[in-house]
Amino acid sequence: MNRTIRRTSVFVLLLVFALLVRATWVQFYDGQALADDKDNRRNAIETYADPLGNIIVGGDSITGSARTKGGDLAYKRTYKDGSLYAAVTGYASQAYAPTQLEGIYQDLLNGTDTRLKTVMDTVTGQRAAPGNVVTTIDPDVQKAAYDALGDKKGAAVAIDPKTGKILAVVSTPSYDPTSLTDANTAGTAWKKLNADPDKPLTNRALRQPLPPGSTFKLVVAAAALEDGLYPNVDTKTDSEDPYTLPGTTRVLANENTSAPCENATIRTALRYSCNNVFAKMAVDLGQDKLRAMAEKFGFNDDQLDVPVRAYTSVYPSDMDKSSTALTGIGQFDVTATPLQMAMVSAAIANGGKLVSPHMVSQITDSGGDVLENYDDSTDTKQIVSSTTAEQLQSAMQTVVEDGTGTNARIDGVTVGGKTGTAQHGENNSQTPYAWFTSYGKSDSGGKEVAVAVVVEQSDAARSEVSGNGLAAPVAKAVMEAALKN
Numbered sequence: 003m004n005r006t007i008r009r010t011s012v013f014v015l016l017l018v019f020a021l022l023v024r025a026t027w028v029q030f031y032d033g034q035a036l037a038d039d040k041d042n043r044r045n046a047i048e049t050y051a052d053p054l055g056n057i058i059v060g061g062d063s064i065t066g067s068a069r070t071k072g073g074d075l076a077y078k079r080t081y082k083d084g085s086l087y088a089a090v091t092g093y094a095s096q097a098y099a100p101t102q103l104e105g106i107y108q109d110l111l112n113g114t115d116t117r118l119k120t121v122m123d124t125v126t127g128q129r130a131a132p133g134n135v136v137t138t139i140d141p142d143v144q145k146a147a148y149d150a151l152g153d154k155k156g157a158a159v160a161i162d163p164k165t166g167k168i169l170a171v172v173s174t175p176s177y178d179p180t181s182l183t184d185a186n187t188a189g190t191a192w193k194k195l196n197a198d199p200d201k202p203l204t205n206r207a208l209r210q211p212l213p214p215g216s217t218f219k220l221v222v223a224a225a226a227l228e229d230g231l232y233p234n235v236d237t238k239t240d241s242e243d244p245y246t247l248p249g250t251t252r253v254l255a256n257e258n259t260s261a262p263c264e265n266a267t268i269r270t271a272l273r274y275s276c277n278n279v280f281a282k283m284a285v286d287l288g289q290d291k292l293r294a295m296a297e298k299f300g301f302n303d304d305q306l307d308v309p310v311r312a313y314t315s316v317y318p319s320d321m322d323k324s325s326t327a328l329t330g331i332g333q334f335d336v337t338a339t340p341l342q343m344a345m346v347s348a349a350i351a352n353g354g355k356l357v358s359p360h361m362v363s364q365i366t367d368s369g370g371d372v373l374e375n376y377d378d379s380t381d382t383k384q385i386v387s388s389t390t391a392e393q394l395q396s397a398m399q400t401v402v403e404d405g406t407g408t409n410a411r412i413d414g415v416t417v418g419g420k421t422g423t424a425q426h427g428e429n430n431s432q433t434p435y436a437w438f439t440s441y442g443k444s445d446s447g448g449k450e451v452a453v454a455v456v457v458e459q460s461d462a463a464r465s466e467v468s469g470n471g472l473a474a475p476v477a478k479a480v481m482e483a484a485l486k487n
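To convert, note that position 273 of the sequence shown is 275 in our numbering; the numbers rise steadily by one, no gaps.
This is the structure:
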């Protein structure tokens, strides 16, 4: 054979070999990555080729699927009372990645979860019938929170302290997920929602930590009792009034200048929300002990899944004494979500035990057979002793019966709570945040609920913004719905 022809033949063979290697690589190594690529149209076509599984609230589906008109996507997601449940469901969109429960259980709801496959599905290669997500949400409690918040910018979370079941997750202003489901119209809705300064797509209940203000005083009181700094809530504290922040000339004022806050007991200090008492208490305990107690309740946990990943509530570190004092009243760099403050009240109400909060009860296959039961797998942690919990319950009841939380009183229900009005903006230049965290126990039915509410903005005058004025009535409505017989 001619040398030139031989060399050309070898070169061509090498090229063919290279093409075979590349084809093999793409097919067996890059194939899955290409299949999973978010821009791969075939994924959307497959996902929406059949109706999706559903999200269940109170035994009824709050989601559905509708046949589309034309195009290559056969079905689109639909929502019942979409704005009411948006903070729970999130959205499943033909154009955008799913969020909230729609995103977490995407494989279950579209039938690709391997646990759904039958023997016949495996043989035929067909996609399995989709499963369903059964939530812990109580529709009456959810609606009560949504209606009570109304046109206010805020959020509410309700938890059953005994079981950890989340009964309500509401964020306002809300949005209708249906506006984002159709690829042909989702773009316009997406732009409008993201341009809205009130940020309706933000889940304020789970994913927007804010300064908790005086509601954090419950954590400080818990630390003081557990540490033995004070033996009970009726022992006088060492708390001068006015109180000057350590190392500064700044005097920390109390909202009620005539309140008996000098050397006040923990009960009295919670009743009148005495800043001097809890700022001094924070300094006396020190930031390390305070942080340890806060973390027991769930602060600084960056993996709090309910199963939606909640944003981290923060108790800071590396502070001087003046900053530590400010953390004692829920300011400086302390932040919390409504979920977190509901967890604080839930643990106190439940004898010091915190049952891990969750808003999915179980997931099932299309026939209703349970694939996983989350109610049976909840963790319980002893946050404070039962004695400390009883002391704090008693003091919180005083707040509602004869203190700053009287708007949360309910006939036939033992209610304990704590108000908070958190500073907002430089030198408190913007409208403060109004907080209320509470628990309610039916005097006859044995039901219990823990609720936290934050109101970021309302049409109330700045001078009228308070936890009792804005947040406590919302909490009351939620507790009434949860505890009705």
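Built from N, CA and C at the ideal position, the CB exists for glycine as well.
Here the structure is a predicted model, which is why all the values come from computation and not from measurement.
* If you count every other CB in all the chains shown that lies within 10 Å of the CB of residue 464, and 16 or more means buried, which is it? -> As a position in the sequence shown, residue 464 is number 462, starting the count at 1. The predicted model places residue 464 with a pLDDT of 49, which falls under 50 and marks its position as unreliable; any figure quoted below should be read in that light. That one is exposed.
* To do: State the CB to CB distance for the pair residue 248 and residue 278, rounded to an integer number of angstroms; the pair is presumed to be in contact (CB under 8 Å).
  => For this step, residue 248 is matched to residue 246 along the sequence shown. For this step, residue 278 is matched to residue 276 along the sequence shown. Not quite, the Cβ-Cβ distance comes to about 13 Å (not below 8 Å), so this is no contact.
* **Neighbourhood of residue 313 by C-beta, 8 Å cutoff - its chain only, sequence neighbours within 5 removed** => Stepping through the sequence shown from its first residue, residue 313 is reached at position 311. Hits under 8 Å: 208, 209, 210, 211 and 339.
* Kindly indicate which residue of 14, 22, 56 and 93 has the alpha-carbon position closest to the one of residue 202. => Within the sequence shown, residue 202 is the residue found at index 200, counting from 1. The candidate whose alpha carbon is nearest that of residue 202 is 93.
* In terms of residues, what are the limits of the beta strand (DSSP E) holding residue 346? -> Taking the first residue of the sequence shown as 1, we reach residue 346 at position 344. Per DSSP, residue 346 belongs to no beta strand (DSSP E); it is in the alpha helix (DSSP H), 340 to 351.
* **Contact set for residue 241: own chain, Cβ-Cβ below 6 Å, skip 5 residues either direction** => Reading the sequence shown from its first residue, position 239 is the one you call residue 241. The residues are 265, 278, 279 and 282.
* **C-alpha gap between residue 140 and residue 169, whole angstroms** => Reading the sequence shown from its first residue, position 138 is the one you call residue 140. Reading the sequence shown from its first residue, position 167 is the one you call residue 169. Whole-angstrom Cα-Cα distance: 5 Å.
* From the DSSP output, in three-state form, read off residue 306 for me. => Taking the sequence shown and counting its residues from 1, the one referred to as residue 306 is at position 304. Residue 306: coil per DSSP, three-state reduction.
* CA-CA distance, residue 250 and residue 214? -> On the sequence shown, residue 250 is found 248 positions in, with the first residue counted as 1. On the sequence shown, residue 214 is found 212 positions in, with the first residue counted as 1. Cα to Cα, residue 250 sits roughly 24 Å from residue 214.
* Asked: If you drop the 5 nearest sequence neighbours on each side, which residues of the same chain put their C-beta closer than 8 Å to that of residue 364?
  -> As a first step, residue 364 must be located in the sequence shown, where it is residue number 362. Here the set comprises 136, 372, 373, 374, 375, 376 and 377.
* Cα-Cα separation, residue 165 to residue 304 -> By one-based count along the sequence shown, residue 165 stands at place 163. By one-based count along the sequence shown, residue 304 stands at place 302. Spanning the two alpha carbons is a distance of roughly 22 Å.
* Can we say the segment 141 to 148 touches the segment 181 to 191, given the rule of at least three CB pairs closer than 8 Å? -> No, because fewer than three Cβ pairs between the segment 141 to 148 and the segment 181 to 191 fall closer than 8 Å, the two stretches do not touch.
* **Helix, strand or coil at residue 99 according to DSSP, with G and I counted as helix** => In the sequence shown, the residue the question calls residue 99 occupies position 97. Here residue 99 sits in coil by DSSP.
* To do: Mind checking which residues open and close the alpha helix (DSSP H) that includes residue 189?
  => Along the sequence shown, read from residue 1 onward, the residue named residue 189 stands at position 187. Unbroken alpha helix (DSSP H) run through residue 189: 188 to 197.
* Apart from the five residues just before and just after residue 455, which ones in its own chain have a Cβ nearer than 6 Å to its Cβ? -> Taking the sequence shown and counting its residues from 1, the one referred to as residue 455 is at position 453. Within the same chain, residue 455 has close Cβ partners 158, 438, 473, 476 and 477.
* Grab me the residues of residue 508's own chain with a C-beta within less than 8 Å of its C-beta, minus the 5 sequence neighbours each way, in chain order. => The shown model of the chain, from 3 to 487, leaves out residue 508, and the question about it has no answer.
* Asked: Cα separation between residue 348 and residue 452?
  -> As a working note, residue 348 is residue 346 in the sequence shown. As a working note, residue 452 is residue 450 in the sequence shown. Straight-line Cα distance between these residues: approximately 5 Å.
* As assigned by DSSP and simplified to three states, the class of residue 319 -> Along the sequence shown, read from residue 1 onward, the residue named residue 319 stands at position 317. It is coil, neither helix nor strand.
* Determine which residues share a DSSP beta bridge with residue 256 and list them. => Your numbering for residue 256 matches position 254 in the sequence shown. Paired residue(s): none; residue 256 is not in a bridge.
* If you drop the 5 nearest sequence neighbours on each side, which residues of the same chain put their C-beta closer than 6 Å to that of residue 489? -> With the chain represented from 3 up to 487, any question about residue 489 goes unanswered, as that position is not in the structure.
* To do: Find the nearest neighbour of residue 60 within the set 152, 311, 175 and 361, judged by alpha-carbon distance.
  => Translated into the one-based positions of the sequence shown, residue 60 becomes position 58. The option with the nearest alpha carbon to residue 60 is 361.
* Check whether the Cβ atoms of residue 224 and residue 385 sit closer than 9 Å, and answer yes or no. => The residue given as residue 224 occupies position 222 in the sequence shown. The residue given as residue 385 occupies position 383 in the sequence shown. A contact, by the Cβ cut-off of 9 Å.
* Asked: From residue 440 to residue 193, what does the alpha carbon distance come to, in whole angstroms?
  -> As a first step, residue 440 is located in the sequence shown; it is residue number 438 there, counting from the start. As a first step, residue 193 is located in the sequence shown; it is residue number 191 there, counting from the start. So the two alpha carbons sit approximately 37 Å from each other.
* Output yes or no for whether 9 Å exceeds the beta carbon distance between residue 342 and residue 318. => One-based indexing of the sequence shown puts residue 342 at position 340. One-based indexing of the sequence shown puts residue 318 at position 316. No. Outside cutoff.
* Asked: Candidates 131, 96 and 253: which alpha carbon is nearest residue 187's?
  -> Walking along the sequence shown from the start, residue 187 turns up at place 185. The shortest C-alpha separation from residue 187 is found at 96.
* Which class does residue 324 belong to by DSSP, given the choice of helix, strand or coil? -> Here residue 324 corresponds to residue number 322 of the sequence shown, with the count starting at 1. Three-state DSSP puts residue 324 in a helix.
* According to the Cβ coordinates, are residue 420 and residue 219 closer than 9 Å? -> Taking the first residue of the sequence shown as position 1, residue 420 is located at position 418. Taking the first residue of the sequence shown as position 1, residue 219 is located at position 217. Taking 9 Å as the Cβ cut-off, residue 420 and residue 219 qualify as a contacting pair.
* Asked: Looking at the unbroken beta strand (DSSP E) that takes in residue 393, where does it start and where does it end?
  -> By one-based count along the sequence shown, residue 393 stands at place 391. Note, residue 393: premise wrong, no beta strand (DSSP E); alpha helix (DSSP H) at 388 to 404.
* To do: Starting from the Cα of residue 74, find the closest Cα among 434, 217, 396 and 50 and give me that residue.
  => Taking the first residue of the sequence shown as position 1, residue 74 is located at position 72. Per the Cα distances, 50.
* **Limits of the unbroken alpha helix (DSSP H) element including residue 357** => Residue numbering aside, residue 357 sits at position 355 when the sequence shown is read from its first letter. That residue, residue 357, is in no alpha helix (DSSP H); its beta strand (DSSP E) goes 355 to 357.
* Whole-angstrom Cβ separation of residue 246 and residue 253, contact assumed at under 8 Å? -> Reading the sequence shown from its first residue, position 244 is the one you call residue 246. Reading the sequence shown from its first residue, position 251 is the one you call residue 253. Going by Cβ atoms, the distance from residue 246 to residue 253 rounds to 5 Å, so yes, they are a contact pair.
* Asked: Quick one, which of 98, 237 and 229 has its alpha-carbon nearest residue 189's?
  -> Your numbering for residue 189 matches position 187 in the sequence shown. When each option's Cα is compared against that of residue 189, the closest is 98.
* DSSP state of residue 217 mapped onto helix, strand, coil -> As a working note, residue 217 is residue 215 in the sequence shown. Residue 217: helix per DSSP, three-state reduction.
* Terminal residues of the continuous beta strand (DSSP E) containing residue 155? -> Position 153 of the sequence shown holds residue 155. In the DSSP annotation of this structure, the continuous segment of the beta strand (DSSP E) that includes residue 155 starts and ends at 155 to 161.
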